[in-house]
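Visitor: Residue numbers (numbering that gives the first Met the number 0), protein chains in the order written: chain A, 0 to 291; chain B, 0 to 291. This is the structure I have questions about; it appears just below.
There are 2 protein chains.
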Amino acid sequence: MRRERLEDLRGLIDTRLDALAPMADQTHPLLSQAVRYALLAPGKRLRPTLALLAAEQFGGKAAAALDPGCAIEMVHAASLILDDLPCMDDATLRRGQPAVHRRFGEDVAVLAAVALLNEAYGVIARADALPAKARLRLVRTLSEAVGFDGLVAGQLKDLRERRGVAGAAGLHELNRQKTGVLFIAAVEAGAVAGGATGATLAAAQAFAEHLGSAFQILDDLVDATATRAQAGKDVGQDAGKPTLVSLLGLDAARAEMSDRLSLALQSLDPGHRDGPLATFTDALFAPYRQAA
Amino acid sequence: MRRERLEDLRGLIDTRLDALAPMADQTHPLLSQAVRYALLAPGKRLRPTLALLAAEQFGGKAAAALDPGCAIEMVHAASLILDDLPCMDDATLRRGQPAVHRRFGEDVAVLAAVALLNEAYGVIARADALPAKARLRLVRTLSEAVGFDGLVAGQLKDLRERRGVAGAAGLHELNRQKTGVLFIAAVEAGAVAGGATGATLAAAQAFAEHLGSAFQILDDLVDATATRAQAGKDVGQDAGKPTLVSLLGLDAARAEMSDRLSLALQSLDPGHRDGPLATFTDALFAPYRQAA
Numbered sequence: 000m001r002r003e004r005l006e007d008l009r010g011l012i013d014t015r016l017d018a019l020a021p022m023a024d025q026t027h028p029l030l031s032q033a034v035r036y037a038l039l040a041p042g043k044r045l046r047p048t049l050a051l052l053a054a055e056q057f058g059g060k061a062a063a064a065l066d067p068g069c070a071i072e073m074v075h076a077a078s079l080i081l082d083d084l085p086c087m088d089d090a091t092l093r094r095g096q097p098a099v100h101r102r103f104g105e106d107v108a109v110l111a112a113v114a115l116l117n118e119a120y121g122v123i124a125r126a127d128a129l130p131a132k133a134r135l136r137l138v139r140t141l142s143e144a145v146g147f148d149g150l151v152a153g154q155l156k157d158l159r160e161r162r163g164v165a166g167a168a169g170l171h172e173l174n175r176q177k178t179g180v181l182f183i184a185a186v187e188a189g190a191v192a193g194g195a196t197g198a199t200l201a202a203a204q205a206f207a208e209h210l211g212s213a214f215q216i217l218d219d220l221v222d223a224t225a226t227r228a229q230a231g232k233d234v235g236q237d238a239g240k241p242t243l244v245s246l247l248g249l250d251a252a253r254a255e256m257s258d259r260l261s262l263a264l265q266s267l268d269p270g271h272r273d274g275p276l277a278t279f280t281d282a283l284f285a286p287y288r289q290a291a
Numbered sequence: 000m001r002r003e004r005l006e007d008l009r010g011l012i013d014t015r016l017d018a019l020a021p022m023a024d025q026t027h028p029l030l031s032q033a034v035r036y037a038l039l040a041p042g043k044r045l046r047p048t049l050a051l052l053a054a055e056q057f058g059g060k061a062a063a064a065l066d067p068g069c070a071i072e073m074v075h076a077a078s079l080i081l082d083d084l085p086c087m088d089d090a091t092l093r094r095g096q097p098a099v100h101r102r103f104g105e106d107v108a109v110l111a112a113v114a115l116l117n118e119a120y121g122v123i124a125r126a127d128a129l130p131a132k133a134r135l136r137l138v139r140t141l142s143e144a145v146g147f148d149g150l151v152a153g154q155l156k157d158l159r160e161r162r163g164v165a166g167a168a169g170l171h172e173l174n175r176q177k178t179g180v181l182f183i184a185a186v187e188a189g190a191v192a193g194g195a196t197g198a199t200l201a202a203a204q205a206f207a208e209h210l211g212s213a214f215q216i217l218d219d220l221v222d223a224t225a226t227r228a229q230a231g232k233d234v235g236q237d238a239g240k241p242t243l244v245s246l247l248g249l250d251a252a253r254a255e256m257s258d259r260l261s262l263a264l265q266s267l268d269p270g271h272r273d274g275p276l277a278t279f280t281d282a283l284f285a286p287y288r289q290a291a
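The structure is reproduced here in structure tokens:
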């Protein structure tokens, strides 16, 4: 994956997110400001990038997955706003800027998160580059990713029971709910847009699940080792909470991350192991694999 | 509308809401408890009732609108949880019981509200009594009802600017965002399920918008005149905030409510003015019209 190609995709995503976020004359001005602040802040745009690359990998055009990918980024942005609230992680810094509730107040932060989640469904419903059945399938996939066995449940478990989560299996399950589900939804959105079905689609989902595991370990490594400025968000938030890093130690966690990456790539059909998803994954993790 | 008929519909709705709400083994147990507490608490179930009656009025079966109607009730329940939060109205009582955050904590309350909104979309996507295109249309309708020009924007305006909203026109617009949008979505869901299109559908939407206006005035009258025990929620919450009641006085507000009801009924096609929607509306407001 050439660096320029990724930057092109990134530009495409940022331009579309900007167009999808409401301007001040389309809603309450404070809501527009808070939504734009949260959604357009510098971020890796991993989830929409995965959606675009998956569409290409399975024979479609990246553009068909653009709106679904942006919808998933909206959900991700919403989840970050909520995680940072005083009644949750009580974080101060996110994506290199004050958390949304610190800048706009708690009421605006909660409403901006709700509006972003809600708008994600509108964006998918209007994504007419996809047939009605594919859009409906994505609504269902996203609802399952967010809901009672997804992000929301994972966040509650993290808040109320993290210290009681014992062993690697429990932590992997928590990571699936907190991170894996949106990776899977993003890759699925792209794969469906690209025309994948059956075993090919299942392989794409398995790839995304392992990639999500690897990425969560990476996130825990950053929390344990980076400075606040390097990470652009509060670090050391997990101190005292079990993570795979605290459970296994830095070296074994890095090895586990590499194992998950290998599993991710092995999940793809042999014909897809040199495709856009694999190349992107290699590029994303390269700096951290060398450190290990 | 015979009283028994309404009680039958109410039973159908409550049974379905109970089945749609997650049990403790399907999610985090606290999330299950909070969602069930909020969603299954005694309520009027106005929105799903309107959906079922609209389906019948336009020639369909009530059952086709059951899941979309329940989805809208989920959104309504979510909005009540959020409105009651300490960073918003800071209410203590709702539907005759402690507000969700008082009972389960703020973190659980926020997550339960998000989960309910999110699940509404899953319920609509899975509502296979409706064709894919109708379901997709409802996803779009609901997203517009909740989002940047709907409930969320209305709640923010109410919190941050209510005291600055001047005149009846501004208050009617606020009431449309806070109440009208879900009435319209409910009637539209039922009308679409019943096969309404074109001018008939537009008439149903106009009916719902006027009905929503009338209902919001009723709600303001209750806030101004009922005791906390009668209302089953905190009252006097609007003291100091302009409402149509404070602006016009009790008598003129009751007259305005009656005018809105007349407009609602006149919006329906002549052939539908004795149908289920009109009969239900008459029954719902009868006690309050006599008081006026």
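C-beta atoms are modelled at their ideal positions from N, C-alpha and C, and glycine is treated no differently.
Roughly how many angstroms separate the alpha carbons of B/E72 and B/P47, rounded to a whole number?
Guide: Taking the straight line joining both Cα atoms gives about 6 angstroms.
Visitor: For A/M73, report the span of its alpha helix (DSSP H) as first-last.
Guide: It spans 65 to 83 - the alpha helix (DSSP H) in which A/M73 sits, taken as one unbroken run.
Visitor: Less than 8 angstroms between CB atoms is the rule here; does A/Q25 satisfy it with respect to chain B?
Guide: True, the Cβ-Cβ gap to chain B drops below 8 angstroms.
Visitor: Could you tell me which uninterrupted alpha helix (DSSP H) segments, each at least 4 residues in length, are contained entirely in the segment 108 to 164 of chain B, listed from first to last along the chain?
Guide: As far as the segment 108 to 164 of chain B is concerned, its whole alpha helix (DSSP H) runs of at least 4 residues are 131 to 145, 150 to 160.
Visitor: Check each residue of the segment 82 to 106 of chain A: if its Cβ is closer than 9 angstroms to any Cβ of chain B, include it; give the result in chain order.
Guide: So the list reads L84, P85, C86, M87, H100, G104, E105, D106, given in the order they occur along the chain.
Visitor: Answer with buried or exposed for A/E3, where buried requires no fewer than 16 other C-beta atoms within 10 angstroms of its C-beta.
Guide: Its Cβ having fewer than 16 others within 10 Å, A/E3 is exposed.
Visitor: Whose Cβ in chain A lies nearer than 8 angstroms to the Cβ of B/Q154?
Guide: Within chain A, the residues near B/Q154 are L110.
Visitor: For B/Q229, report the span of its alpha helix (DSSP H) as first-last.
Guide: It spans 227 to 230 - the alpha helix (DSSP H) in which B/Q229 sits, taken as one unbroken run.
Visitor: Count the other C-beta atoms from every protein chain shown that fall within 10 angstroms of the C-beta of A/R1, then say buried if there are 16 or more, exposed otherwise.
Guide: Per the 10 Å Cβ criterion, exposed.
Visitor: Would you mind telling me which residues of chain B sit closer than 7 angstroms to A/P21, beta carbon to beta carbon, in chain order?
Guide: Here the neighbours are F147.
Visitor: Under the DSSP definition of a beta bridge, which residues are partnered with A/P21?
Guide: BP columns for A/P21 are empty, so no partner.
Visitor: Taking A/A77 as the reference, which of A/C86, A/G235, A/E118 has the closest Cα?
Guide: The option with the nearest alpha carbon to A/A77 is A/E118.
Visitor: B/H271 lies in the alpha helix (DSSP H); which residues open and close that run?
Guide: Looking at the DSSP string, B/H271 is not in any alpha helix (DSSP H), and its letter there is neither H nor E.
Visitor: Identify, in the order they occur along the chain, each residue of the same chain with its Cβ nearer than 8 angstroms to the Cβ of A/L217, setting aside the five sequence neighbours on each side.
Guide: Cβ neighbours of A/L217 beyond the five flanking positions: M256, F284, Y287.
Visitor: Who are B/Q96's beta bridge partners in DSSP?
Guide: Paired residue(s): B/R93.
Visitor: Once DSSP output is grouped into helix, strand and coil, what is the label at A/P47?
Guide: Helix, per DSSP.
Visitor: In the structure shown, what three-state DSSP assignment does B/V234 receive?
Guide: In the structure shown, B/V234 sits in coil (DSSP, three-state: anything other than H, G, I, E or B).
Visitor: Closer than 8 angstroms is the cut-off here; do at least three beta carbon pairs connect the segment 122 to 140 of chain B with the segment 267 to 282 of chain B?
Guide: They do not touch, by the three-pair rule.
Visitor: I'd like the list of long-range same chain contacts for A/L264, defined as Cβ closer than 8 angstroms, with 5 residues on each side in sequence excluded.
Guide: The residues are F206, R272, A277, T280.
Visitor: Going by beta carbon distance, what residues of the same chain come within less than 7 angstroms of A/L16, once the five residues before and after it are set aside?
Guide: L38, L39, C69, E72, listed in sequence order.
Visitor: Below 8 angstroms on C-beta distance, what does B/L181 contact in chain A?
Guide: Ordered by position in chain A, no residue passes the 8 angstroms Cβ test against B/L181, which lies about 13 angstroms from the chain.
Visitor: Let me check understanding here. Comparing Cα to Cα, which of B/F182, B/Q204, B/L45 lies closest to B/E6?
Guide: The residue with the shortest Cα to Cα distance from B/E6 is B/L45.
Visitor: Taking Cβ-Cβ distances below 7 angstroms as the criterion, which residues of the segment 45 to 77 of chain B are in contact with chain A?
Guide: Those residues of the segment 45 to 77 of chain B that come within reach of chain A (Cβ to Cβ, closer than 7 angstroms) do not exist; the list is empty.
Visitor: In this structure, does DSSP put A/L267 in helix, strand or coil?
Guide: Coil, per DSSP.
Visitor: Mind the definition here: the segment 165 to 184 of chain A touches the segment 208 to 224 of chain A only if three or more C-beta pairs lie below 8 angstroms; say whether that holds.
Guide: Contact between the segment 165 to 184 of chain A and the segment 208 to 224 of chain A is present, because at least three Cβ pairs lie under 8 angstroms.
Visitor: With a cut-off of 8 angstroms, does the C-beta of A/A291 fall near any C-beta of chain B?
Guide: At A/A291 the pLDDT is 45, less than 50, meaning the model places this residue with poor confidence and gives no usable figure here.
Visitor: Let me confirm a value: B/A18 is counted as buried when at least 16 other C-beta atoms fall within 10 Å, else exposed. Which label applies?
Guide: Answer is exposed; the Cβ neighbour count stays below 16.
Visitor: For A/V164, decide whether its Cβ has a neighbour in chain B, counting only Cβ atoms nearer than 8 angstroms.
Guide: Not one chain B Cβ lies under 8 angstroms of A/V164.
Visitor: Quick check on DSSP: helix, strand or coil for A/T196?
Guide: Coil, per DSSP.
Visitor: Do B/A167 and B/L246 come within 8 angstroms of each other at the CB atom, strictly closer than that value?
Guide: A contact, by the Cβ cut-off of 8 angstroms.
Visitor: Output the distance between the C-alpha atoms of A/L262 and A/A202, rounded to the nearest integer angstrom.
Guide: Cα to Cα, A/L262 sits roughly 11 angstroms from A/A202.
Visitor: For A/G121, which residues in chain B fall below 7 angstroms Cβ to Cβ?
Guide: In chain order: R139, S142, E143, G146.
Visitor: When you compare the segment 21 to 38 of chain B with the segment 100 to 114 of chain B, are there three or more beta-carbon pairs, one atom per stretch, that lie closer than 8 angstroms?
Guide: They touch, by the three-pair rule.
Visitor: Please classify A/Q176 as buried or exposed, where buried requires at least 16 neighbouring CB atoms within 10 angstroms.
Guide: Looking at its Cβ environment, which holds 16 or more other Cβ atoms inside 10 Å, A/Q176 is buried.
Visitor: Does any CB atom of chain B fall closer than 8 angstroms to the CB of A/N174?
Guide: No - not a single Cβ of chain B is within 8 angstroms of the one on A/N174.
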